[in-house]
Amino acid sequence: MTLGSPAHNRQNRSAATRQQIIDAAVDLFTEHGYGETRLQDIVDRANVTTGAFYYHFDSKAALGRAVMAQGWPKALEVVDDCLNDAPRPGLERVILLTFALSALMKQDRSVWIANHLNHAFGQLSEEDRRGFEDRARQFVARVAGALGPEDLRPGVTPEDVGSQVWITVHGCHLLSDAMNDDVMVRLRR
334 MTLGSPAHNR QNRSAATRQQ IIDAAVDLFT EHGYGETRLQ DIVDRANVTT GAFYYHFDSK
394 AALGRAVMAQ GWPKALEVVD DCLNDAPRPG LERVILLTFA LSALMKQDRS VWIANHLNHA
454 FGQLSEEDRR GFEDRARQFV ARVAGALGPE DLRPGVTPED VGSQVWITVH GCHLLSDAMN
514 DDVMVRLRR
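Here the sequence shown is numbered in the numbering used here, starting from 334 and rising by one per residue.
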């Protein structure tokens, strides 16, 4: 397939339509929640036909998984950037990571809603639960890998710290969403 060929142009249009649907879903899931967003709402917001929706996604759940698939790598990029900041001690990198990831989730709706969907979908099926566990394990392992013995108190493992960061970041966002307050203030506390 050559650049500018009809097949290439169809492929580009198809990818653009798929992204329109994802973007519309991110907006609607953020505004109204996943459960309150109807498939027709997504189709209308994306300005596509129902057939176009089903060409790209088998269901609203498949679309939710696509949203997660786009948001998760953005979060991991921030995690890796913070943890690979070599001149800083490991614990300082983990603290920076906590705030950087929270800032990303606050600023990027696709990451924020992917986080919420990750939690919610983790309760839907065995496959989704395994996906949730895999993402949590990846996160914890990355944080743990950035810490050395000098960063830890006796009896605390790097995995303990990774787990606590996961809980802190995600828990603060869930609680701040419920309480309608500033997650960064809550996190600093």
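Yeah, the Cβ is synthetic: ideal placement off N, Cα and C, and Gly gets one too.
N- and C-terminal bounds of the alpha helix (DSSP H) containing residue i
| i | result |
| --- | --- |
| residue 406 | 393 to 416 |
| residue 520 | 516 to 521 |
| residue 435 | 423 to 440 |
| residue 386 | 383 to 389 |
| residue 464 | 459 to 478 |
| residue 372 | 372 to 379 |
| residue 492 | 491 to 512 |
Alpha-carbon spacing of residue i relative to residue j, whole angstroms
| i | j | result |
| --- | --- | --- |
| residue 407 | residue 346 | 24 Å |
| residue 400 | residue 422 | 34 Å |
| residue 516 | residue 443 | 17 Å |
| residue 439 | residue 432 | 10 Å |
| residue 480 | residue 447 | 27 Å |
| residue 358 | residue 483 | 45 Å |
| residue 435 | residue 379 | 28 Å |
| residue 465 | residue 397 | 13 Å |
| residue 504 | residue 342 | 44 Å |
| residue 495 | residue 477 | 5 Å |
| residue 437 | residue 383 | 32 Å |
| residue 375 | residue 354 | 7 Å |
| residue 510 | residue 367 | 15 Å |
| residue 491 | residue 459 | 28 Å |
| residue 416 | residue 427 | 7 Å |
| residue 402 | residue 430 | 21 Å |
| residue 389 | residue 362 | 18 Å |
| residue 468 | residue 493 | 16 Å |
| residue 386 | residue 461 | 22 Å |
Exercise. Three or more C-beta pairs closer than 8 Å, one from the segment 470 to 477 and one from the segment 439 to 457: is that the case here?
Worked result: no
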